[in-house]
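Colleague:
Number of protein chains: 2
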Amino acid sequence: MSEMVLSKSLEDYLEVIYHIVVVEQAAKAKDIAQKMQVKASSVTGALRQLAERDLVNYSPYDQITLTRKGMEVAQDVVRRHEVLKDFFIKVLSIDESEADSVACQMEHAVTTEIIDRFTKFIEFVERCPRAGNSWIKGFDYYCGEKPQTDYCHKCITQTIENFETNLKSGDEMNESTVRLNQVKPGSRVKITTNKLSGVTARRFQEMGLTIGSIVKVERVAPLGDPVEINVKGYSLSLRKEDLDKIEGILLED
Amino acid sequence: MSEMVLSKSLEDYLEVIYHIVVVEQAAKAKDIAQKMQVKASSVTGALRQLAERDLVNYSPYDQITLTRKGMEVAQDVVRRHEVLKDFFIKVLSIDESEADSVACQMEHAVTTEIIDRFTKFIEFVERCPRAGNSWIKGFDYYCGEKPQTDYCHKCITQTIENFETNLKSGDEMNESTVRLNQVKPGSRVKITTNKLSGVTARRFQEMGLTIGSIVKVERVAPLGDPVEINVKGYSLSLRKEDLDKIEGILLED
DNA sequence: ACAAAATATTAGGCAAGCCTAACTTTGCAC
DNA sequence: GTGCAAAGTTAGGCTTGCCTAATATTTTGT
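Quick note, the sequences are listed as chains A and B, same order. When you read off a place in the first sequence, starting at 1, and then add 72, the result is the number in the working numbering. When you read off a place in the second sequence, starting at 1, and then add 72, the result is the number in the working numbering.
Take a look at the structure:
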């Protein structure tokens, strides 16, 4: 079995198809062409190559869907994209459209190891009591014209206060256990308990929803089912009844 | 005047040539080929394109040097490379060879704005009393298997101590003014005074050696002259007599 | 100084990825 | 159900960037 090596271009096609099929049932060549900023004839060629590699289900004039394998590869690409974009926006305070376009270029160059480090870094910044989101706000300030020292002093004073309060309360940080179905979109939760069993359990396990991992609830569908969550850059859909079986610590924003 | 748009490939050639000409007088096609992992005939083609764009001085069988413009573009590429690599190594704790190879891919995708943010972020991490190098060490710890909370608690306790000591001493941080010719390779200095004048002053000004910027002394040539320093990712060479006219605050490592 | 070795260039070819133009197929309106 | 517009495909061409093989120039050793 040859190790799959996809060109940047084919990775892009796969990514675009992924974004279409999570919304529609199947992708149409015309939409792919439009999103890729490319003529329709180029799409045909790309589809043939992807089909050869068993990443899309495709035959001429037929519907376009992702195979199981294609789905996995696409999610990997999307994950790289999202992690980079997230880092640019949340940590470097780059504006969204630039973050997106640069992430789109860089996603092809970056290794899994580096992406993992990026995610861990973002987690670390958000969780470490020395850093955290208020510290990152200091970075915005640092990027301005004025000297940053005032802000840092104010910021550290507050850190000390929080730290002492937490020491007294005996609690680690401000942790409160919640079930995943209780949280609202946008919240982040660090998983502590997972009562899922059987196939579902293993499936989510594989996708990174493990004890200790941090997930973000992205979006709740109109009728509250399914719920989309983000784990280490991967997007997963879960049913409400499954969410009920997962507990974690709600992280402050 | 058309806005120069260089392909990734040509940027790579330029970068390789740069690295050769800062060591030798002129580049030889063979060395370029070897560094680029490419056959010599490909180099000839690339050189012609670069010469057309007025980035290298080249005619068949002749010596290869960079033009003024080529030097500027090359330094820009090298800077992008170094900043990314630096970030991967210092902040994400990626090992050098991987950092280098990924930086080499990504350097073509990244905008100036993002590179500036990366440099500022590294500066910020190193200077902000809430973060700093000891905090970044916590990130290594966080990447391990064990929970990171202990380390963070120890780390913040120390931060509080340092902070209170600094408050008492009335000093901002541990700042001590030095002249740039006094520092040893590896040190970082935040510029406070610049007594250079005339052409030299303007030249360095343009290259980012301004009041408030942080420079790192990279390397001192055998006879102590010139000294190579790094400003926001750019490498500059200064004569010792010029260094004498620049003062700054020595930053702790 | 001159042949042999090393280095550089040219010519021609190939793959990837895009294009335009001409064509087929699909599906919707009537 | 027919015909026409929209969508999709094929054919052929162009550019980039690499290759090999053949040729040209420079350098080196004696």
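All C-beta atoms, glycine included, are put in the ideal place defined by N, C-alpha and C.
#1: Compare the C-beta of residue 323/B with all C-beta atoms of chain A and state if any pair is closer than 9 Å.
#2: Taking all protein chains shown into account, decide if residue 253/A is buried (16 or more other Cβ within 10 angstroms of its Cβ) or exposed.
#3: For a contact defined as C-beta to C-beta under 8 Å, what are the partners of residue 210/A on chain B?
#4: Could you tell me whether the Cβ of residue 85/A comes closer than 9 Å to any Cβ of chain B?
#5: If you reduce the DSSP assignment to three classes, tell me which class residue 253/A lands in.
#6: Looking only at its chain, what residues have a beta carbon closer than 7 Å to the beta carbon of residue 195/A, apart from the 5 residues adjacent to it on each side?
#7: So, is the C-beta of residue 108/A closer than 9 Å to a C-beta in chain B?
#8: Where residue 243/A and residue 175/B are concerned, what is the direct C-alpha to C-alpha distance, given to the nearest angstrom?
#9: Would you check if the stretch 176–196 of chain A and the stretch 142–161 of chain A touch, i.e. whether three or more CB-CB distances between them fall below 8 Å?
#10: Determine the contact status of residue 137/B and residue 112/B, defining contact as a CB-CB distance below 9 Å.
#11: Just the Cα atoms here: how many angstroms apart are residue 120/A and residue 306/A?
#12: What residues in the stretch 155–184 of chain B bring their beta carbon closer than 8 Å to a beta carbon of chain A?
#13: Taking the alpha-carbon of residue 198/B as reference, which of 300/A, 162/A and 211/A has the nearest alpha-carbon?
#14: Check whether the Cβ of residue 225/A lies closer than 9 Å to any Cβ atom in chain B.
#15: Who does residue 129/A pair with in a DSSP beta bridge?
#16: According to the neighbour-count rule (16 or more other Cβ atoms, all chains shown, within 10 Å of its Cβ), is residue 201/A buried or exposed?
#17: Using a Cβ-Cβ cut-off of less than 9 Å, list which residues of the stretch 303–315 of chain B approach chain A; keep chain order.
#18: DSSP on residue 179/B, reduced to helix/strand/coil?
#19: Am I right that residue 85/A and residue 118/A are in contact with their C-beta atoms under 8 Å? What's the rounded C-beta distance?
#20: When DSSP labels each residue in this structure, what does residue 285/B get in the three-state scheme?
#21: Just to make sure I have the definition right: I need the residues of chain B whose C-beta is within less than 8 Å of the C-beta of residue 265/A. Which are they?
#22: Taking residue 330/B as the query, report the chain A residues whose CB atoms sit under 9 Å from its CB, ordered along the chain.
#23: In chain order, what residues of the same chain have a beta carbon less than 7 Å from the beta carbon of residue 280/A, not counting five sequence neighbours either side?
#24: Let me see if you follow: with CB-CB separation under 9 Å, is residue 189/A close to chain B or not?
#25: Closest Cβ-Cβ distance between residue 186/B and chain A: below 9 Å?
#26: Identify the continuous beta strand (DSSP E) that holds residue 318/A and give its terminal residues.
#27: Are the Cβ atoms of residue 319/A and residue 267/A separated by less than 9 Å?
#28: Out of 234/B, 131/B and 251/B, state which residue places its alpha-carbon closest to the alpha-carbon of residue 264/B.
#29: Beta-carbon within less than 7 Å of residue 166/A's beta-carbon, same chain only, minus the 5 sequence neighbours each way: which residues are those?
#30: Going by other Cβ atoms of all chains shown within 10 Å of its Cβ, with 16 needed for buried, is residue 311/B buried or exposed?
#31: Determine the DSSP secondary structure at residue 262/A, reduced to helix, strand or coil.
#32: Going along the chain, which residues of its own chain have a beta-carbon closer than 6 Å to the beta-carbon of residue 178/A, five neighbours each way excluded?
#33: Does residue 283/A come within less than 9 Å of chain B when only Cβ atoms are used?
#34: Rank 153/B, 172/B and 290/B by C-alpha distance to the C-alpha of residue 188/B and give the top, closest one.
#35: Would you mind working out which of 283/A, 102/A and 130/A sits nearest residue 262/A, comparing C-alpha positions?
#36: Taking the straight line between their C-alpha atoms, what separation do you get for residue 245/B and residue 164/B?
Modeller: So, from the listed chains and residues:
#1: Counted from its first residue, the second sequence places residue 323/B at position 251. Cβ-Cβ to chain A under 9 Å: no for residue 323/B.
#2: What you label residue 253/A is simply residue 181 of the first sequence in a count that begins at 1. Residue 253/A comes out buried.
#3: Mapped onto the first sequence, residue 210/A falls at position 138. Those are 196, 200 and 202, listed as they occur along chain B.
#4: Taking the first residue of the first sequence as 1, we reach residue 85/A at position 13. False, the Cβ-Cβ gap to chain B never drops below 9 Å.
#5: Walking along the first sequence from the start, residue 253/A turns up at place 181. Residue state, collapsed to three classes: coil.
#6: Along the first sequence, read from residue 1 onward, the residue named residue 195/A stands at position 123. Closer than 7 Å at Cβ, skipping near neighbours: 286.
#7: Sequence index remark: in the first sequence, residue 108/A carries index 36 (1-based). Judged by the 9 Å Cβ criterion, residue 108/A is not in contact with chain B.
#8: As a working mapping, residue 243/A is identified with position 171 in the first sequence. As a working mapping, residue 175/B is identified with position 103 in the second sequence. Low local confidence applies: a pLDDT of 47 at residue 243/A is under 50, so the model's placement there is unreliable, with the coordinate-based value given in what follows. If you take the alpha carbons of residue 243/A and residue 175/B, they lie about 41 Å apart.
#9: Touching, per the Cβ criterion.
#10: As a working mapping, residue 137/B is identified with position 65 in the second sequence. As a working mapping, residue 112/B is identified with position 40 in the second sequence. No; because the gap between Cβ atoms is not below 9 Å, this pair is not in contact.
#11: As a working note, residue 120/A is residue 48 in the first sequence. As a working note, residue 306/A is residue 234 in the first sequence. Computed Cα separation, rounded: 27 Å.
#12: So the list reads 160, 163, 164, 165, 166, 170, 174, 177, 178, 180, 181, 182 and 183, given in the order they occur along the chain.
#13: The residue given as residue 198/B occupies position 126 in the second sequence. The residue with the shortest Cα to Cα distance from residue 198/B is 211/A.
#14: By one-based count along the first sequence, residue 225/A stands at place 153. With 9 Å as the cut-off, residue 225/A counts as an interface residue toward chain B.
#15: Working through the first sequence from its first residue, we reach residue 129/A at position 57. Paired residues: 137/A.
#16: By one-based count along the first sequence, residue 201/A stands at place 129. Flag for residue 201/A reads buried.
#17: none
#18: For the purposes of this step, residue 179/B is identified with residue 107 of the second sequence, where counting begins at 1. Here residue 179/B sits in coil by DSSP.
#19: Counting from one through the first sequence, the residue named residue 85/A turns up at place 13. Counting from one through the first sequence, the residue named residue 118/A turns up at place 46. With 8 Å as the limit, residue 85/A and residue 118/A qualify as a contact, their Cβ atoms being about 5 Å apart.
#20: Mapped onto the second sequence, residue 285/B falls at position 213. Three-state DSSP puts residue 285/B in coil, outside helix and strand.
#21: Here the question's residue 265/A lines up with position 193 in the first sequence. Correct list: empty, because the minimum Cβ distance to chain B is about 16 Å.
#22: The structure shown does not extend to residue 330/B, since chain B is modelled only from 73 through 325, so no value can be given for it.
#23: Locating residue 280/A in the first sequence gives position 208, counting from the first residue. Hits under 7 Å: 303, 304 and 306.
#24: Within the first sequence, the letter at position 117 stands for residue 189/A. Interface residue, yes.
#25: Position 114 of the second sequence holds residue 186/B. Contacts with chain A at 9 Å (Cβ-Cβ) include residue 186/B.
#26: On the first sequence, residue 318/A is found 246 positions in, with the first residue counted as 1. Where residue 318/A is concerned, the enclosing beta strand (DSSP E) stretches over 318–323.
#27: The sequence position of residue 319/A within the first sequence is 247, counting from 1. The sequence position of residue 267/A within the first sequence is 195, counting from 1. In this structure, residue 267/A lies closer than 9 Å to residue 319/A by Cβ.
#28: Along the second sequence, read from residue 1 onward, the residue named residue 264/B stands at position 192. For residue 264/B, the nearest C-alpha among the options comes from 251/B.
#29: Walking along the first sequence from the start, residue 166/A turns up at place 94. Excluding positions up to five away in sequence, the list reads 160.
#30: Locating residue 311/B in the second sequence gives position 239, counting from the first residue. Exposed, because fewer than 16 other Cβ atoms sit within 10 Å of the Cβ of residue 311/B.
#31: The sequence position of residue 262/A within the first sequence is 190, counting from 1. Three-state result, residue 262/A: strand.
#32: In the first sequence, the residue the question calls residue 178/A occupies position 106. So the qualifying residues of the chain are 156.
#33: Numbered from its first residue, the first sequence carries residue 283/A at position 211. No - not a single Cβ of chain B is within 9 Å of the one on residue 283/A.
#34: For the purposes of this step, residue 188/B is taken as the residue at position 116 of the second sequence. Out of 153/B, 172/B and 290/B, 153/B has the C-alpha closest to the C-alpha of residue 188/B.
#35: For this step, residue 262/A is matched to residue 190 along the first sequence. Selected option, being the one with the closest Cα: 283/A.
#36: Here residue 245/B corresponds to residue number 173 of the second sequence, with the count starting at 1. Here residue 164/B corresponds to residue number 92 of the second sequence, with the count starting at 1. Low per-residue confidence applies at residue 245/B: pLDDT is 47, beneath 50, and the placement is therefore not dependable enough to give any value.
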